[in-house]
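Under the UniProt record's numbering, the first residue of the sequence shown is numbered 1, with each subsequent residue one higher.
What follows is a short report on a single structure.
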Amino acid sequence: KSGLTDLETVVLKETGSSTGNFTGIINSVVDYRAQPGADGVLSGCERGDTVTALYMDQNPIINITKSLVFRAQAGVLTMRPKSVSLGEVLTVTVHDNDLNTNEYEEEGYETLVSLRAFVDMRIVDEESVAVTEISRNSSIFTGAVSTTYLPNNKYDGILYVLYRSSSGSQVQGSY
1 KSGLTDLETV VLKETGSSTG NFTGIINSVV DYRAQPGADG VLSGCERGDT VTALYMDQNP
61 IINITKSLVF RAQAGVLTMR PKSVSLGEVL TVTVHDNDLN TNEYEEEGYE TLVSLRAFVD
121 MRIVDEESVA VTEISRNSSI FTGAVSTTYL PNNKYDGILY VLYRSSSGSQ VQGSY
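And the structure:
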């Protein structure tokens, strides 16, 4: 992107004793404000970008280069507010370019986001949240779920959160 270059080193580990197969992992981030550098994260990566890896073998001495094109892009799920008050609505937002399949439509997904409420590491409720793109071709999807402090049924559209517990409830979201 506009001359953005990020050079990273990945340590490879052999998959087993004398297998000759080595693997390594590197994370990537879309945020262009991130400063490229030897921080273990590829900065500014998005769908369509090419990443090139160089492997320098010591025995025999040979350099091997392979490239790949990003076909997908990681998304981000956020929930607000961070602390829920009595009866408050919990809003979820998903930023994901891969969900934007039609640039001319505001798209929606009925059961994209799953929420789990925990009290003392025990699941007390689970809900699905429908999300809708905020505008055409934005790749930002929002949805909301009401909360209650009264025990209820899973997947009834209202998320049960406990506020009288010393630890309260924790809500985990995924999509």
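Ideal placement from N, C-alpha and C gives every residue a C-beta, glycine not left out.
Chain-order list of residues whose beta-carbon lies under 8 Å from that of residue i (same chain, five-residue window excluded)
i	result
N100	E107, E133, N137, S138 and S139
L159	L90, L115, A117, D125, E127, V145, S146, T147, T148 and V171
K66	T52, A53 and Y55
G75	V94, H95, D96, N97, D98, L99 and Y175
Straight-line Cα distance separating residue j from residue i
i	j	result
L68	Q172	33 Å
N27	E88	35 Å
E105	V129	20 Å
I64	S135	44 Å
I123	M56	48 Å
L54	G157	50 Å
N102	V92	21 Å
K82	D98	26 Å
I62	M121	51 Å
G48	R80	31 Å
T19	Q58	17 Å
N153	S17	51 Å
Pick from the options that is closest to residue i, judged by C-alpha positions
i	options	result
F70	V51, L112 and I123	V51
V94	Y109, T78, A130 and V29	T78
F141	L150, M121 and D96	D96
V119	Y155, G16, T9 and P151	P151
Integer Cβ distance of residue i from residue j, believed to fall under 8 Å
i	j	result
L12	G24	4 Å
Y175	L112	5 Å
Close beta carbons around residue i, own chain, < 6 Å, minus the five adjacent residues each side
i	result
E14	F22
V161	V84, A117, T147 and S169
D39	none
E110	A130
P60	none
V10	G24 and I26
V41	N27 and V29
Cβ neighbour criterion (16 or more within 10 Å) applied to residue i
i	result
L86	exposed
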